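Taken in order, these protein sequences are the chains called A and B. If you count the first sequence from 1, position 276 lands on 276 in the UniProt record's numbering, and the numbers rise without skipping. If you count the second sequence from 1, position 295 lands on 295 in the UniProt record's numbering, and the numbers rise without skipping. Down below is the structure, laid out as structure tokens.
Number of protein chains: 2
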Amino acid sequence: MGGSGRVTLNDVAAASGVSRATVSFVLNNAPNQTISAATRERVQQAASDLGYVPHGVARALREGASRVVVLNIDWGLEGNYSRSYVRGLDDELAAHDHVLLVRHGHHTPQATQQVLDTIAPRAVLRFGEPYLTGHELDDRGGGWRDGLAAHAALQIRHLAEHGHTRMALALPDSGTPLAEARLRFAGQTAAALGLAPLASFVVPRPRSAGTSAVREFRAAHPGVTAIAGFNDDVALRTLTTLHDLGLSVPGDVAVIGYDDTEYGELVTPALTTVHIDAEAHGRLAARTALGLDTGGLVPVPARIIVRDSV
Amino acid sequence: MGGSGRVTLNDVAAASGVSRATVSFVLNNAPNQTISAATRERVQQAASDLGYVPHGVARALREGASRVVVLNIDWGLEGNYSRSYVRGLDDELAAHDHVLLVRHGHHTPQATQQVLDTIAPRAVLRFGEPYLTGHELDDRGGGWRDGLAAHAALQIRHLAEHGHTRMALALPDSGTPLAEARLRFAGQTAAALGLAPLASFVVPRPRSAGTSAVREFRAAHPGVTAIAGFNDDVALRTLTTLHDLGLSVPGDVAVIGYDDTEYGELVTPALTTVHIDAEAHGRLAARTALGLDTGGLVPVPARIIVRDSV
DNA sequence: CTGAAAGCGCTTACAG
DNA sequence: CTGAAAGCGCTTACAG
């Protein structure tokens, strides 16, 4: 062993009496190589005896990419979607001997380039991108089976099943590209169900501004009896403003959330919401990034968490 | 330039008519090297003309570590502490030409070893560790100036200033090593202020279990008039249980949160809480990881966000 | 069936 | 003041 700490291929080669190349072939199960069983055995034994583990940086230099996948995510890991997605991504990557590393915050293209230049990751993923387009799961058209469209529809349908015919989508004030898609899918669902055209409004911060916005919206759309939140945060803020306006939920107006955060259970009335298990989405993203087969991945369908706000 | 995309040191050397070594010296401002101003100029011009950017993987192989710092963090980025900490860490690292990458979830030592072997990061940090010990900022003894102890004390003091003399600390059910420290610091503060010994209890999930726990605690400690939450989540859950028990806040009992999440504003009564700006802690962690001077970092003191629950 | 050699892109003693 | 050379640890054509 080379004096310092690290056990290298050289050490394994020396210990097993073969060349570095042979060790590499054995350890990587190189195809088209016919190495005697005895030699393989000897090499593997030596490697494990010495506790050899390949140096990823050297390998990355040679192969052109490290066994790392980087995930860019704007900020927190609020709802169940992002948490389960990250979990699935992480697990699947680990199963294929790769490591997931995430970057938080808004990043410039230069910053992303810096990451590329610094560690040459196998891939850099942008959170939510496939979900938005719905192209994943071989389910074109916005993911009407297991994607955004399906989940948007589930939310609207739950309201319809409770007798509501006039609804609105409550949006966050930070404009997100997802808002437009959600509005479209929810609107299509309402149309398909023969409901009134879907309205929408923004719930700004802070609390007082949200209250004004909701008051104005109610005045302009007195017929609306149910509000679908773009996410649980908006739904929770809507619940708050309704409370401040002296309205009762679900008596005066029903509210449903989206993407199940842990705070939904804590308010009164507790928030009914859409629970999305995105672990399969995460695994799929992992396999796609690695250029692997994506078949046989069965996503768990989204479901409604029934509480008291609808 | 080498045919494919990447511009290497070789290309810059060729373009400026010097050796690779010279280019490296110029670009890294190598000390003890006296290279003519004209040559430096020529090299720098060529580098920028070609858009040369050093290949981090090669550099990492050579230097033994990549310009990456990995942060392990159990799960989300809930409160203001973790968000501001990550922001400060990220910014400071970027200022020193390093990249922050985070890993979420619980990780085994082997998994961490894999990260080390894969990208040879300059350092791997465990979120919250310095905060817990309070060793940062040269402020021993649990961080009574800008650390955990100071923040624990601030919370208790706020309650005391509102006339409360019997208090309890509400804890999460997931045991955290921080709980013990918080309890100790808060208890010491109560003692120093001449208050009754600090009680404590756990607020389990789900909502109904929390309610039972709080009911029992109230029965056992009828004199307690104020509850300090271990974090905003616990405080919010306490608020909920109090509501379910038909108690009014702050009339019957006051509640104060810790580490300002965005949901505190949304409940009724809105949650008074401790706001911790940990950007300086993040910057400090960055400088420490890089072996840099840590002087001159002035943390913003924590402060109380006064709302309606105390 | 196995080994010697080249090369991924960089930095840094070591010579001149 | 500047260049030739070695080497970080690995993989993979290419010879035997």
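Even glycine gets a Cβ: it sits at the ideal position worked out from N, Cα and C. Bear in mind the structure is a predicted one, so any value in this text is a computation, not a measurement.
Q) Where do the N-terminal and C-terminal ends of the beta strand (DSSP E) with A:His243 fall, by residue? A) No beta strand (DSSP E) holds A:His243; the alpha helix (DSSP H) holding it covers Asp232 to Asp244.
Q) Closest by CA to B:Ile304, which one among B:Thr108, B:Leu297 and B:Val274? A) Ranking B:Thr108, B:Leu297 and B:Val274 by Cα distance to B:Ile304 puts B:Val274 first.
Q | C-beta atoms of B:Phe127 and B:Ala168 nearer than 8 Å | A | Using a Cβ distance threshold of 8 Å, B:Phe127 and B:Ala168 do not count as a contacting pair.
**Q.** Range covered by the alpha helix (DSSP H) that runs through B:Leu148
**A.** From DSSP, the alpha helix (DSSP H) with B:Leu148 extends over Leu148 to Glu161.
Q | Best match in A:Val102, A:Asp90, A:Gly264 and A:Leu242 for proximity to A:Arg287 [C-alpha to C-alpha] | A | For A:Arg287, the nearest C-alpha among the options comes from A:Asp90.
Q) Looking at C-alpha atoms only, which residue of A:Leu50, A:Ser82 and A:Ala47 is the closest neighbour of A:Asp277? A) With distances taken between Cα atoms, A:Asp277 lies closest to A:Ser82.
Q: Taking A:Ala60 as the query, report the chain B residues whose CB atoms sit under 7 Å from its CB, ordered along the chain.
A: Proximity of chain B to A:Ala60 at the Cβ level (cut-off 7 Å) is accounted for by Val57, in chain order.
Q.
Once DSSP output is grouped into helix, strand and coil, what is the label at B:His104?
A. Three-state result, B:His104: strand.
Q) In three-state terms, what does DSSP make of B:Ala199? A) Under the three-state reduction of DSSP output, B:Ala199 falls in the strand class.
Q: Using a Cβ-Cβ cut-off of less than 7 Å, list which residues of the segment 189–214 of chain B approach chain A; keep chain order.
A: Interface annotation for the segment 189–214 of chain B against chain A: Pro206 and Arg207, criterion Cβ-Cβ distance under 7 Å.
Q: Please list the segments of the alpha helix (DSSP H) lying wholly inside the segment 279–310 of chain B, counting only runs of 4 or more residues, in order along the chain.
A: Runs found: 279–289.
Q: Give the secondary structure of B:Leu9 by DSSP, where H, G and I count as helix, E and B as strand, and everything else as coil.
A: Here B:Leu9 carries a helix assignment [DSSP, helix/strand/coil].
Q | Three-state secondary structure assigned by DSSP to A:Leu271 | A | It is coil, neither helix nor strand.
Q.
Is there a C-beta anywhere in chain A that falls below 8 Å from the one on B:Ser66?
A. At least one chain A Cβ lies under 8 Å of B:Ser66.
**Q.** B:Thr34, buried or exposed, once every other Cβ within 10 Å from all chains shown has been counted against 16
**A.** Exposed, since its Cβ has fewer than 16 Cβ neighbours within 10 Å.
**Q.** 8 Å Cβ cutoff, A:Glu129 in contact with chain B
**A.** So no, A:Glu129 is outside the interface.
Q: Report the residue from B:Ala270, B:Val224, B:Gln44 and B:Val298 whose alpha carbon sits nearest the alpha carbon of B:Phe25.
A: Cα-wise, what sits closest to B:Phe25 is B:Gln44.
Q: Would you mind giving the Cβ-Cβ distance between A:Leu266 and A:Gly257, rounded to the nearest angstrom? I have them listed as a contact below 8 Å.
A: Not really, about 12 Å apart at Cβ, beyond 8 Å.
(Q) According to DSSP, is B:Leu61 part of a helix, a strand, or is it coil? (A) Judged by DSSP in its simplified three-state form, B:Leu61 adopts helix.
(Q) Output needed for A:Arg40: all residues of its chain with C-beta closer than 6 Å, excluding positions within five of it in sequence on either side, in chain order. (A) For A:Arg40, where only same-chain residues beyond five positions count, the Cβ hits under 6 Å are Val26.
Q) Buried or exposed: where does A:Glu161 fall if 16 or more other Cβ atoms within 10 Å of its Cβ makes it buried? A) The residue is exposed, with fewer than 16 neighbouring Cβ atoms inside 10 Å.
Q: Please confirm if the segment 228–245 of chain A is in contact with the segment 45–52 of chain A, defined as three or more CB-CB distances below 8 Å between the two stretches.
A: Pairwise C-beta distances place the segment 228–245 of chain A out of contact with the segment 45–52 of chain A, as fewer than three of them are shorter than 8 Å.
(Q) Mapping the DSSP letters down to three states, classify A:Val26 as helix, strand or coil. (A) Three-state DSSP puts A:Val26 in a helix.
Q. Using the beta-carbon of each residue, which ones in chain A are nearer than 7 Å to B:Asp90?
A. Residues of chain A passing the Cβ test: Gly105.
Q) Quick one: does A:Tyr263 have its CB under 8 Å from some CB of chain B? A) Closer than 8 Å to some Cβ of chain B, the Cβ of A:Tyr263 qualifies, so yes.
Q) Using a beta-carbon distance below 8 Å, is A:His96 in contact with chain B? A) Answer no: the Cβ-Cβ gap between A:His96 and chain B never drops below 8 Å.
Q: Tell me where the alpha helix (DSSP H) around A:Leu71 begins and ends.
A: First-last for A:Leu71: Ser66 to Ile73, but that is the beta strand (DSSP E), not the alpha helix (DSSP H).
**Q.** Cut-off 7 Å between Cβ atoms - residues of its own chain near A:Ala152, not counting five sequence neighbours on either side
**A.** Result list for A:Ala152: Arg182, Phe185, Ala186 and Thr189, in chain order.
Q: Assign B:Leu77 to one of two classes, buried (16 or more other C-beta atoms within 10 Å of its C-beta) or exposed (fewer than that).
A: Buried, by the Cβ-count rule.
Q: Tell me whether B:Pro121 sits in a helix, a strand or coil according to DSSP, three-state version.
A: Assignment of B:Pro121 by DSSP, reduced to helix, strand and coil, places it in the strand class.
**Q.** Residue of B:Phe230, B:Pro206 and B:Leu297 minimising C-alpha distance to B:Ala149
**A.** Looking at the Cα atoms, B:Phe230 is the closest of the given residues.
**Q.** the segment 173–182 of chain A contacting the segment 227–241 of chain B, beta-carbon criterion three pairs below 8 Å
**A.** Contact fails between the segment 173–182 of chain A and the segment 227–241 of chain B, because fewer than three Cβ pairs, one in each stretch, are under 8 Å apart.
**Q.** Range of the contiguous alpha helix (DSSP H) that encloses residue 314 of chain A
**A.** Not covered by the structure: residue 314 of chain A. The range shown for chain A is 1 to 310.
Q) Smallest Cα separation from B:Val69: which of B:His55, B:Leu116 and B:His164? A) For the options B:His55, B:Leu116 and B:His164, the alpha carbon positioned closest to that of B:Val69 is the one of B:Leu116.
(Q) When you compare the CB of B:Thr118 with every CB in chain A, is at least one pair closer than 8 Å? (A) B:Thr118 has a beta carbon lying within less than 8 Å of a beta carbon in chain A.
Q.
Less than 8 Å between the C-beta atoms of B:Pro301 and B:His281, yes or no?
A. Not in contact: B:Pro301 and B:His281 (Cβ atoms no closer than 8 Å).
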